[in-house]
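Some notes on the structure that comes next.
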Amino acid sequence: MTHPANGLDDVVHQRVRLGILTIAHEARRVEFGFLRTTLDLTVGNLSQHLTVLEKAGLITIEKGYEGRRGRTWIHLTPAGKKALRDEISRLKELIRQVEETQEGDLT
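Heads up: the sequence shown at position 50 corresponds to 50 in UniProt numbering, and the numbers run straight through without jumps.
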């Protein structure tokens, strides 16, 4: 039996990318500026993380206008939804193992 940590996806598990996927999961689409502010990132840093997620097929990026202002929206793909769901399942398994170990330590 392999340890659940072995199944964590490095693309998804990184803190910022996990945040991006989680926020995108909560909304139909999320605006670049909202992600930047919410995750407290620079434009360049957020752009790099979005590129990694887009290349992995986990998000799509849509550019357009809202009024006269250019906007960038991020959408979670079906593969992104599955990757997030799988990552959360593995994290829950890790938590379960830790909690079971702690219970054993209390006796």
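Backbone N, C-alpha and C fix where the C-beta goes; we use that ideal spot for every residue, glycine too.
The structure presented is a predicted model; accordingly, all values stated were derived computationally and were not measured.
According to DSSP, residues forming a beta bridge with HIS75: THR60
Nearest residue (CA-CA) to PHE34, options ARG71, GLY7 and ASP9: ARG71
Residue interval of the alpha helix (DSSP H) (run including ARG68): No alpha helix (DSSP H) holds ARG68; DSSP gives it neither H nor E.
LEU58 CB to nearest heavy atom of the ligand MN below 6 Å: Inclusion of the ligand MN in the displayed structure is not the case, the ligand content being empty and no account of it being possible.
Option nearest ARG28 by Cα separation, candidates THR60, THR51 and HIS3: Selected option, being the one with the closest Cα: THR60.
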